[in-house]
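Numbering (the numbering used here) for the sequence shown: 81 to 575.
Don't be surprised by glycine CBs; every beta carbon is placed ideally from N, CA and C.
Just so you know, these numbers come straight off a predicted model, no measurement behind them.
Notes to accompany the following structure.
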Amino acid sequence: MTTLGNIDPVFGRIHANPRDLSDRSVSPPSNICRFFQQGYCSRGDRCTFIHTFKSVPPESPHPILSPVSNGVSPYNYPASPLSPTFYNQLPNNGFHNYTKAGFNNLSPSNGKSAQPNSGASKQVAKKASTDVEASNRFSGVPIEDMVGEVYSLCKDQHGCRYLQKKLEEQNQKYVDIIFHEVYGHFVELMTDPFGNYLCQKLLEFCNDEQRTAIVDTVAPELVNISLNIHGTRAVQKMIEFLSNTQQIRMIIVALNTSVVTLIKDLNGNHVVQKCLNRLKSADNQFIYNGVCDSLIEVATHRHGCCVLQRCIDYSSETQKSQLVSAITYHALTLVQDPFGNYVVQYVLDLNEPRLSDPLIRRFFGNTCLLSVQKFSSNVMEKCIRVSKPETRKGLIDELLNRETLDKLLRDSFGNYVVQTALDYAEANQRLMLVDAIRPLLPAIRNTPYGKRIQGKLLREQVHSAPQQQNVGSYGYNYRGPMNMIGMNDVSYSYM
């Protein structure tokens, strides 16, 4: 049964039930860029949507009409008769037959009806019309007529787009007009939601002399600008279009003392990565010096560990050796860290034994301890996989102690290291490892980790059985090359 409302027994009127009125709110206008409102639109001036932080305030979808008893019903909520458009479509014109219940001749309190609210859509249309008018007012206007107003236009969405289009015409006269009016405000504009786009475009189309003047102006505030959500984009564009040694030198001096601060920042780390990508290795030496001086601080940071990997990617051979030496020195600390362990693994994945072998040897004497920790256990597995044979042998030798091995087999992380050791150990050492594991299996065969090891050995024995036995020529107690009891031997049960 459809409930049309609450019946007021005192006044004999029907009031709209507030539970029937949805809490709908007006969605943001479809022509406003939602990415810009969230902080940054990657399309910039090419975006076809409106860049504004303003939004249409939601309005109630149910305007209050025909107040009852001074606008308040006996139930303490505004009374609103239902729209005929709705209840005319229902049987009995939307009213139930209340005759049997003693309610006769019930009708809405007055002849008015609540029409669907179109206020929000009107505001959206009005906003769109206003934006079109604002955009059109710059259409065909020569930039000479805007002299003296360029700075204010930079901070306006449509004015900024107008100026960018003028710069794209690559007319040096237009560039000069815009440059002279914004030059003194460049620091402010680089962090402005709209102005930063104009700054990026001007850095692209201005000449070397103008670009040098801009870099010199913003250099004292370059770090603060880089930490800003809008400024970081403008600084990256500046680095991308550096065109002479003087400009590069000013950037290096400005960033030199704040490398670690930038690397650890959500916005600033992109500026450092842009330097790595665009500048020569020699020009980036200040980054490598800063990272090596604070290696643990950088490598154990969420953003820092990623930047450190990019440092390895863009390094010269000398810089790579410098970085890896610092990583090797702090390897025991890094390998146990949620982020630092990725840096160690990245070095191991370089597939350069001259770099990875000294790093792996840093773990000698701590193999078992590191194998039972969440982050370092992954590194120990990788060390066993990629190390030289003699280095791998040294790692696995540490696993052969019975007490240590028992702990590893029972551990949720350590058992994976043991499995990896079984996969990569040389034949003689693998035989020793199997012999050390066998006496421990009965005690752990009911644990998830014990079953995993047990199943692994059993599968391998089944796989190697055809090669180990000549059917009928050996007794049931034949032992294969791994010194393991045959499948038919009843003196030892795996399961």
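- The C-beta separation of Gln416 from Gln453 comes to about 6 Å, placing the pair in contact by the 8 Å criterion.
- Straight through space, the alpha carbons of Arg291 and Gly239 are spaced by roughly 22 Å.
- By the criterion of a C-beta distance shorter than 7 Å, Tyr277 is surrounded in its chain by Gly124, Asp125, Cys240, Gln244, once the five residues flanking it on both sides are discounted.
- Under a 10 Å Cβ-count criterion, Val315 is classified as buried, with 16 or more other Cβ atoms of the shown protein chains found around its own Cβ.
- In the three-state reduction of the DSSP assignment, Ile112 falls in the strand class.
- Distance from Asp296 to Met270 at the Cβ level is roughly 14 Å; contact not present, criterion being Cβ atoms closer than 8 Å.
- By DSSP's assignment, Ile130 forms a beta bridge with Ile112.
- Here the C-alpha atom of Lys246 lies approximately 37 Å from the C-alpha atom of Tyr394.
- Shown here, Thr271 sits in coil according to DSSP, grouped into three states, outside any helix or strand.
- Taking the Cα positions, Val221 is about 38 Å away from Gly348.
- Here Gln509 is near Lys473, since their CB atoms are less than 8 Å apart.
- Residue environment analysis places Phe444 among the exposed positions, since fewer than 16 neighbouring C-beta atoms fall within 10 angstroms of its C-beta.
- Cβ-Cβ distances below 7 Å link Pro273 to His310 in the same chain, with the five nearest sequence neighbours on each side left out; the list follows chain order.
- With 16 or more other Cβ atoms from the protein chains shown falling within 10 Å of its own Cβ, His383 counts as buried.
- Annotated three-state conformation of Tyr120 is coil, per DSSP.
- Residue environment for His381: buried (at least 16 other C-beta atoms within 10 angstroms of its C-beta).
- Cβ-Cβ distances below 8 Å link Glu224 to Ile257 in the same chain, with the five nearest sequence neighbours on each side left out; the list follows chain order.
- Going by DSSP, Arg390 is part of the alpha helix (DSSP H) stretching over 384-394.
- When only Cα atoms are considered, Thr484 and Thr341 end up about 43 Å apart.
- DSSP places His260 within a helical segment (H, G or I) once states are collapsed to three.
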